[in-house]
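Student:
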Amino acid sequence: MQRYDAIKKIVEDLDEELVISNIGFPSRELYGLFDRTKNFYMSGSMGMATPIALGLSLALEEKNDNRKVIVIDGDGSLLMNFGELITVYAQNPRNLIITLIDNEAYGSTGSQETYASKINFSDIAKTIGYKEVYYIDARESTDNIDMEDILSKEGPVFVHIKVKPGNTKAPIIDISASEIKNRFMKEVENKKIY
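Residue numbering for the sequence shown is -1 to 192, as defined by the numbering used here.
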């Protein structure tokens, strides 16, 4: 299975959860699968999906909004801003779920190999002290991605999903960056967050 299959499994039963997706193909694949105003498609800043999700999750907690925030990140992006894992742990958001889809490649720039084959993200998250850490090998099947169980946990939750490299023929996101932001913020504000 590839990243597309993992994203499909992650989002198939979502309702009120807010989703921040990584730059490039992950956002395009999410857009093609499950476009909705509760999704924020990151564009232009590799390594920033998880920090954005952290800020959102802390704002929601401050306003007693119980919605979960799910970030769909990639191994290449996480490696660009690796310190974010420690920042998330230190801030300790109860409503944040980091789903790291690890295909050992920079999928959006030509599938060059990352260093993900040489490190174990799950072990690193455990060592940092994450409350809940999952390692899911989804290279052959996504049946073992149990989002109902994952969503029931108090965060921060770290979900490391190993997939095969490759991109689908995902559509170009035909919504401007400002419209993506505006419709997402409207969705967030509908719960009177700010």
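The C-beta atom is built at its ideal place from N, Cα and C for all residues, glycine as well.
1) For residue 164 and residue 101, what's the separation of their Cα atoms in angstroms?
2) In whole angstroms, give me the CA-to-CA distance for residue 143 and residue 49.
3) Going along the chain, which unbroken runs of the alpha helix (DSSP H) with 4 or more residues stay wholly within the segment 6 to 36?
4) Would you mind giving the Cβ-Cβ distance between residue 160 and residue 123, rounded to the nearest angstrom? I have them listed as a contact below 8 Å.
5) Roughly how many whole angstroms lie between the Cα atoms of residue 9 and residue 32?
6) Quick check on residue 37: buried or exposed, where buried means 16 or more other Cβ atoms within 10 Å of its Cβ?
7) Once you ignore the five residues that flank residue 90 on each side, which residues in its own chain have a CB closer than 7 Å to its CB?
8) Can you look up residue 86 in the DSSP assignment and give me helix, strand or coil?
9) Relative to the alpha-carbon of residue 64, which residue among 72, 46, 114 and 13 has its alpha-carbon at the smallest distance?
10) Which residues mark the beginning and the end of the alpha helix (DSSP H) in which residue 166 is found?
11) Comparing alpha-carbon positions, which option in 74, 148 and 95 lies nearest residue 112?
Tutor: Taking the coordinates as given:
1) For residue 164 and residue 101, the distance between alpha carbons rounds to 8 Å.
2) Straight-line Cα distance between these residues: approximately 24 Å.
3) Counting whole runs of 4 or more residues, the segment 6 to 36 contains the alpha helix (DSSP H) stretches 23 to 32.
4) Not really, about 14 Å apart at Cβ, beyond 8 Å.
5) Spanning the alpha carbons of residue 9 and residue 32 requires a straight line of approximately 7 Å.
6) Residue 37 counts as buried, since at least 16 other C-beta atoms from the protein chains shown sit within 10 angstroms of its C-beta.
7) Result list for residue 90: 154, in chain order.
8) Residue state for residue 86 is assigned as helix, using DSSP reduced to three classes.
9) Restricting attention to 72, 46, 114 and 13, the CA atom closest to the CA of residue 64 is found in 13.
10) Neither: residue 166 is in no alpha helix (DSSP H) and is coded neither H nor E.
11) Residue 112 has its Cα closest to that of 74, out of 74, 148 and 95.
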